[in-house]
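Just so you know, we're using my numbering here: the sequence shown kicks off at 17 and counts up by one. Think of the CB as a built atom: it goes at the ideal place given N, C-alpha and C, for glycine as much as any other residue. Worksheet: one structure, shown below.
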Amino acid sequence: MATAGIQFKIMPEDVDTNLDQLKDKLKTATESFESGVFNDAKEEPIAFGLKALVITIALSEDEESESVEKAFSEIDGVSSVELIDYRRVIG
Numbered sequence: 017m018a019t020a021g022i023q024f025k026i027m028p029e030d031v032d033t034n035l036d037q038l039k040d041k042l043k044t045a046t047e048s049f050e051s052g053v054f055n056d057a058k059e060e061p062i063a064f065g066l067k068a069l070v071i072t073i074a075l076s077e078d079e080e081s082e083s084v085e086k087a088f089s090e091i092d093g094v095s096s097v098e099l100i101d102y103r104r105v106i107g
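Right, here's the structure in full:
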């Protein structure tokens, strides 16, 4: 099956959430999936010092993005998870 490139917007619980630690937890959660590859994480300013993480992962289309979204939402320090882009990777 093909590989999908997926972007999620991760909102931390508050401005005091350590984003570097959160990135590490998200990477570990991504790699717990058989085909999961953590590609990138960028901070996106929201308001009043709050920053979201926009992460990009690669995942086999055989695995459901909803499972990844659920795994991310169960991580301590995560307030919400939104799938913002899903594309088939060619190459």
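message = Let me check one thing: in DSSP terms, what residues is I63 bridge-paired to?
response = Walking along the sequence shown from the start, residue 63 turns up at place 47. The amino acid occupying residue 63 in the given sequence is Ala; Ile does not appear at that position. Answer is L66, bridged to A63.
ask   = Who does T46 pair with in a DSSP beta bridge?
value = Position 30 of the sequence shown, counted from the first residue, corresponds to residue 46. In the DSSP assignment, no residue is bridged to T46.
task = Starting from the C-beta of E98, find all residues in its chain whose C-beta is less than 6 Å away, skip the five residues before and the five after it, and write them out in chain order.
result = Translated into positions along the sequence shown, residue 98 becomes position 82. The beta carbon of E98 sits closer than 6 Å to those of K25, all from its chain and outside the five residues before and after it, given in chain order.
message = For E85, tell me which candidate among T46, V105, L66 has the shortest Cα-Cα distance.
response = For the purposes of this step, residue 85 is taken as residue 69 along the sequence shown, with counting starting at 1. Nearest option by C-alpha distance: T46.
query = In the structure shown, what three-state DSSP assignment does A18 receive?
reply = Here residue 18 corresponds to residue number 2 of the sequence shown, with the count starting at 1. If DSSP states are grouped into helix, strand and coil, A18 belongs with coil.
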